[in-house]
Each structure stands twice: as structure tokens, then as C-alpha cells.
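Have a look at the structure below, then the notes.
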Amino acid sequence: MEYTILRVDLSKDKIWEEKVGEKVIKKYLGGRGLGVKILYEETEAGIDPFGEENRLIFMTGYATGTAVPLSGRFHVITKSPLTGGIGDSNCGGQFGPMLRFAGYEGIVVQGIAENPVYLYIEDGHAELRDASHLWGKGTWSTEDTLREELGKDINIVSIGPAGENKVMQAAIINDKHRAAGRTGVGAVMGSKKLKAIVVRRGKRKPEVHDEAKLKEAVENVRKIVRESPVTGEALPTYGTAVLVNIINETGGFPTRNFKTGVFEKANEISGEKIAETYLTGKKACWGCIVACGRVTKVETPPYQVDGEGPEYETAWSLGAMCGISDLAAVIKAHNLCDDLGMDPISFGSTVACAMELYENGKIPEEKLGGLKLEWGNPQTVVELAWRTAFRDGFGDEIAMGAKRLAEKYGMPDVAMHVKGLELPAYDPRAYKGHGLGYATSNRGGCHLRAYLIAPEVLGIPEKLDPLTPEGKAQWVKIFQDLFCIVDSMVVCKFITFAVGAEELLSVTNPITGWDWNVDEFMKAGERIYNLERLYINREGFDGKDDTLPKRLLEEPMPEGAAKGHVVELDKMLEEFYKIRGWVNGKPTEEKLRELDIP
Numbered sequence: 005m006e007y008t009i010l011r012v013d014l015s016k017d018k019i020w021e022e023k024v025g026e027k028v029i030k031k032y033l034g035g036r037g038l039g040v041k042i043l044y045e046e047t048e049a050g051i052d053p054f055g056e057e058n059r060l061i062f063m064t065g066y067a068t069g070t071a072v073p074l075s076g077r078f079h080v081i082t083k084s085p086l087t088g089g090i091g092d093s094n095c096g097g098q099f100g101p102m103l104r105f106a107g108y109e110g111i112v113v114q115g116i117a118e119n120p121v122y123l124y125i126e127d128g129h130a131e132l133r134d135a136s137h138l139w140g141k142g143t144w145s146t147e148d149t150l151r152e153e154l155g156k157d158i159n160i161v162s163i164g165p166a167g168e169n170k171v172m173q174a175a176i177i178n179d180k181h182r183a184a185g186r187t188g189v190g191a192v193m194g195s196k197k198l199k200a201i202v203v204r205r206g207k208r209k210p211e212v213h214d215e216a217k218l219k220e221a222v223e224n225v226r227k228i229v230r231e232s233p234v235t236g237e238a239l240p241t242y243g244t245a246v247l248v249n250i251i252n253e254t255g256g257f258p259t260r261n262f263k264t265g266v267f268e269k270a271n272e273i274s275g276e277k278i279a280e281t282y283l284t285g286k287k288a289c290w291g292c293i294v295a296c297g298r299v300t301k302v303e304t305p306p307y308q309v310d311g312e313g314p315e316y317e318t319a320w321s322l323g324a325m326c327g328i329s330d331l332a333a334v335i336k337a338h339n340l341c342d343d344l345g346m347d348p349i350s351f352g353s354t355v356a357c358a359m360e361l362y363e364n365g366k367i368p369e370e371k372l373g374g375l376k377l378e379w380g381n382p383q384t385v386v387e388l389a390w391r392t393a394f395r396d397g398f399g400d401e402i403a404m405g406a407k408r409l410a411e412k413y414g415m416p417d418v419a420m421h422v423k424g425l426e427l428p429a430y431d432p433r434a435y436k437g438h439g440l441g442y443a444t445s446n447r448g449g450c451h452l453r454a455y456l457i458a459p460e461v462l463g464i465p466e467k468l469d470p471l472t473p474e475g476k477a478q479w480v481k482i483f484q485d486l487f488c489i490v491d492s493m494v495v496c497k498f499i500t501f502a503v504g505a506e507e508l509l510s511v512t513n514p515i516t517g518w519d520w521n522v523d524e525f526m527k528a529g530e531r532i533y534n535l536e537r538l539y540i541n542r543e544g545f546d547g548k549d550d551t552l553p554k555r556l557l558e559e560p561m562p563e564g565a566a567k568g569h570v571v572e573l574d575k576m577l578e579e580f581y582k583i584r585g586w587v588n589g590k591p592t593e594e595k596l597r598e599l600d601i602p
């Protein structure tokens, strides 16, 4: 087995191919794992995320585009301008499989183009083309224009004005509504003046060692996924926003910048409410049998929009986080983020941070240009989406991200972030293990490095008490290592609501021809997590950064199922480091030798 990687140097206007052999693939799998290996080996500590030296890496894995369910994804890896650490983001849609069909497992971009360009790929051929006529357009208009010029049978990833203007929350958008959203990857793409990548499907078929064994394993996985109450019923019926009421009832739905974990109007922005009001259809990514995507339409002024969403995270970040219960406004703001190319988690969290700063008298009225920055104002998130993407007026300050914004106005503790990345839609005072996952995440405030909501709330693979810190360190390590595998294969994490490492290995061995056991498989995930940790250690992160916002450590939850609770992080962290073989947030030499990390 080998991968073909497309190399692009925008400064030199040069394109070439590179092969990655099986020895490397066995160590780092693909996707997230291979991406961090390339970033770690090819960049120096302290580089400018917007400089020529930074790499912007698009990577698939051995499962992408195969018969494996939920395998229609790709991974983006770079140095994050938002955090200064590892920037990586995962995206669905069609692009990942189409890239493999066109002849490549990945693309590594370096340098900076003199003028805006897009990369065109067709059946093993690639070239750079002028994108001056696309610069300034939103992602929707960019996709429409390219399809008018090149035909319908293409797939596109692109940035909008937010990426062009190096907004720290900028995302990369695929299929108009699928986003590689987190850590500011779109800003790096904008800094390189790379407007889009266009792929026309080729004739290449992903390599599979044993088709018959893979077919048998796939049939079993499909059966398990379809019979799961989460992937077979809840997500197909209500989408990811099915979680709104569940998380609110368990007391961990962050409201008004994590002041509480209970939103009094949660049902108004829930998956059930979306289904009753604005839902017009469902949508699936390539190869997906879950179809969690929501197609929605708002017809009444002032928030008319024909698009998709919201997801659970955007119903929260553009809703409860800002005290907003107007579902139409949330849908409008969600779609604006897609079109403008922004991560709604970081954007909404930064707006909420600004609202609390304003509440405390830190932001003067003259800064706001007529904006009403009070909790619950639906027009604010809609208007600020535009202003942020174009860095207009106060939007230029939202574009800094919550950490920099709060520091500027002298209240750093009101920024709800870890390592510079804004926290997502779960208050860890209600889910202690999930809080440890946040604190020890290599990319910062992230729910998808270790989704302890699965055992602590949903009882998958077994039910844990969410309000106790005991025993959570081992669970966090297992989830972190497993999710490294999932992101490197590359398949959707939703598959883990139904299957575990054994089922993932059952499709891995027939594709690759390996004869691995589960321990060897999980060791690959552990190796990837530790290499990421080495990268952020090199950038200056250590144990002092494996923490949570002071509010979550010191201010007891004021109401709900988790009333009176804080996160007892220190005890969990001590146990976690011991299990990981880390000291002060750094892997020991012994651990690195064990994992064969140079």
C-alpha cells in the first residue's frame, strides 16, 4: 500500500507528486496522523502561521471513498493562527472521496501565491489557475461560478471573505454547508491566496487488499450502525440538534457565556423544533447511511434564507451562548457563517464574550457602530457575522477570537477557551470527564478529541456518572487514542456511537492487508496523539496550558442537574499524566521510545 501526495509550492508556482510508503502509513495511518507528521517534520518552531513556511495539508485516509460507512471525510492540518499550536479540522461532504478518485490521498500546500489562485485537479493532473475573479466572493457564489465555468461534475473546497481577510475563526467550506471549521484553517488558506481547490472525479479506485473480507465486515458495521438508537434513529430523525434538550436537561447547555448550564428557552432552538418549523429535507455526506444534515428554509422577514442547519453546535453558539432563542435568526446566522466561511462555534463564543464584556462596561458604545450587544438580541449575531468576515468596525475585534478580545479589554477570564480555542457546547461542570478532555486536548477547546458525552450522558459504550471525576482519566485516554484512529482512517466520528476499535479494525485489515490486533491498532492512535503533543510542546505549550477557564474550576454551577458543581481538574490531570506517561504535559523519553517517535 502507498499513498500519492500532491505537493504545491505557491511561491514557486510548482507542482509535483510524492509517494508515501507502507512503513509510514502503518505508523501514522493517514488523515490526521500523516498530516501532523508532515507538519512536525517540515516546519520549525515559532513560524508565522501566515508565512510561506507554514503548510496547509488536506489529507484522506485508507478508508476514504471505500465501501466503509461514513467514509466521506477529509482532514485539514496546519499551524493555527488562532492558537499558535496545532491547527486541524475535519470535514464531510464529497471532497475527500473525490480527491482519492482523482488520484491523490492528500495535498500539501506551501508558499504564498503572488495573486489569488485556485488549484484544479483532474484524474492525476493538477494545475494552478487564476482566481482573481473569485476573490471577494462568498463560498456559495464561488462554487456557483466555478460550476458555471467548469461544469457540474466537480467538487470544491473554498474560502469566503473571512478567510481572505485572515479572520481568526475562518473556515474552509465544502459543498456550501460542510465546514473544516475550527482553529482558523481558512485564514491560513487565505494568507496563501489560495481561494479554492477544484476536483473533477477521476477513474482511480481506492486500493483494497481483500474485497470479499471487506464486504463481509462492512455489512456487519452497516447493520450495527442502522440498529443503534443514536445513528439509526435519533440523528436521522432530528439531526445533531437532537442533543439540545438532552444536554439542557442534564444541566450542561452553556448559556450566556457559560454563566449557567440551563437555557430556559432551549426547546425553541432544538432539533424537535427545527423539525416542526423550518425543516424541508435531510442530507447525507458521501457514503453515509445516517444523513444527519438538515435542509431548512426560512421564508419570513427579516431572516429569509434557503440553506441548511443549524447543527447542535450552532443552535448553541448562535443561540443559547448569546441568550438567543429566535430559531430563524440562528438559521440565518448559521448560513451566513457557511457563505462567509467562518467557524460558528468560535464566532458565537466570541460574540458571547463580547456581550459579557459589554455587560461589565468594558466596551464603549462608540465602538459598536449602532450594534445592540445585549444578551438575547438576535439581530446582533446576524449583523456581526457580516462585520466580522469583512473586519468592519467592531467586527474587526470579534475577528481576533475570544482570548485576544477579552485580554484587550482587561477581563481575560471571560474568554471561555482552552489553549486559545473557544470551548464548544458542553459545560464540563456537568460532565467531569469531558472537562478533562477539554483541558488535555492538543488543539485546544474541543469536544472531538475525547467525546466523554457518549459514556457520561448517552451511556455509550457504558454509562458513567457524569458528576464524579473518579476513573475518568483512563476513559479520556482511550477516547483520544481511538479518535486519532478515526480521524486518520478517515471516517466520521458518529460511527463510534455504534462501533468500537474491533469493528474499525475489521474493515482496516481487509483494506490494508495487515494482520493487526486491537492493541497494535490503538498503539497507532496513541503514537499520533503523542506526536501532536510534541508539536505543541515545541510551540511552548505544557502542563500550565492543560487547564480550564477559571469560571469552570471555581464558580459552582448555579442551577440544574449539576447545581453546586465545579470541575475537580487537578486530581484527574495527575492520574491522566501518569497513564499517558507524561510529565508536566510532556511525553517522557521512555514513552517516545515505546511509541517509536523520533
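Every position in the sequence shown, counted from 1, becomes a number in this note's numbering once 4 is added. Here a beta-carbon is modelled for each residue, glycine too, at the ideal position from N, C-alpha and C. Small disclaimer: the values here were computed from a predicted structure and weren't measured.
Query: Residue-level contact to chain C via CB, Lys497, 8 Å cutoff; Result: Absence of chain C from the displayed structure is noted, only one protein chain being present.
Query: Touch test, the region 233–246 against the region 148–159, Cβ-Cβ under 8 Å, three pairs minimum; Result: no
Query: Local conformation of Met346 per DSSP, three classes; Result: strand
Query: Assigned exposure category for Arg597 - 16 Cβ within 10 Å defines buried; Result: exposed
Query: Minimum length 3: unbroken beta strand (DSSP E) runs contained in the region 70–106; Result: 78–83, 90–95
Query: Option nearest Leu331 by Cα separation, candidates Pro368, Phe487, Val266, Ser274; Result: Ser274
Query: Proximity below 8 Å, CB of Ile457 to CB of Cys488; Result: no
Query: Inter-stretch contact at 8 Å, needing at least 3 Cβ pairs: the region 520–530 / the region 560–579; Result: no
Query: Best match in Leu60, Arg104, Val248 for proximity to Val113 [C-alpha to C-alpha]; Result: Leu60
Query: Among Asn534, Glu168, Glu126, the one whose alpha carbon lies nearest that of Leu138; Result: Glu168
Query: Cβ neighbour criterion (16 or more within 10 Å) applied to Thr281; Result: exposed
Query: Reduced DSSP secondary structure (H/G/I, E/B, other) of Met172; Result: coil
Query: Whole runs of the alpha helix (DSSP H) within the region 393–422, excluding any shorter than 4 residues; Result: 399–402, 406–412
Query: First and last residue of the uninterrupted alpha helix (DSSP H) at Leu479; Result: One point to set straight first is that residue 479 is Trp, not Leu, in the sequence displayed. Its alpha helix (DSSP H) spans residues 476–493.
Query: Helix, strand or coil at Met63 according to DSSP, with G and I counted as helix; Result: strand
Query: Bounding residues of the alpha helix (DSSP H) (the contiguous stretch that carries Ile228); Result: 215–231
Query: Segment contact flag, the region 51–70 with the region 83–100, C-beta cutoff 8 Å, min 3 pairs; Result: yes
Query: Local Cβ density within 10 Å of Gly285, reported as buried at 16 or more and exposed below that; Result: exposed
Query: Any alpha helix (DSSP H) of 4 or more consecutive residues that is wholly inside the region 134–189; Result: 143–154, 165–168
Query: As assigned by DSSP and simplified to three states, the class of Trp586; Result: strand
Query: Of the listed residues Glu46, Lys199, Pro258, nearest to Ile328 (C-alpha basis); Result: Pro258
Query: Length of the line joining the Cα atoms of Arg260 and Asp469; Result: 26 Å
Query: 4 or more residues per run - each alpha helix (DSSP H) lying fully within the region 513–594; Result: 522–542, 554–558, 573–584
Query: The region 185–205 touching the region 156–165, judged by at least three CB pairs closer than 8 Å; Result: yes
Query: Selection from Ser353, Trp520, Asn446 that minimises the alpha carbon distance to Ala406; Result: Ser353
Query: Spatially closest choice to Asp92 from Asp519, Asp431, Asp347, Ile293, by CA coordinates; Result: Asp347
Query: DSSP three-state assignment for Val461, whether helix, strand or coil; Result: helix
Query: Beta bridge counterpart(s) of Ala200 as assigned by DSSP; Result: Tyr122, Ser162
Query: Backbone CA spacing between Gly323 and Asn381 [nearest angstrom]; Result: 10 Å
Query: Whole-angstrom distance between Glu401 and Glu369, CA atom to CA atom; Result: 14 Å
Query: Beta-carbon proximity check, Glu6 vs Lys23, cutoff 8 Å; Result: yes
Query: Proximity below 8 Å, CB of Phe99 to CB of Val294; Result: no
Query: 6 Å Cβ shell around Val299 - same chain, five flanking residues per side excluded; Result: Thr284, Gly285, Lys287, Glu312
Query: Cβ distance (whole Å) where Pro553 is taken to contact Met420 below 8 Å; Result: 5 Å
Query: Cβ neighbours of Gly547 in the same chain (closer than 7 Å, five flanking residues each side left out); Result: Asn588, Gly589
Query: Arg298 - partner residues in DSSP beta bridges; Result: Lys286
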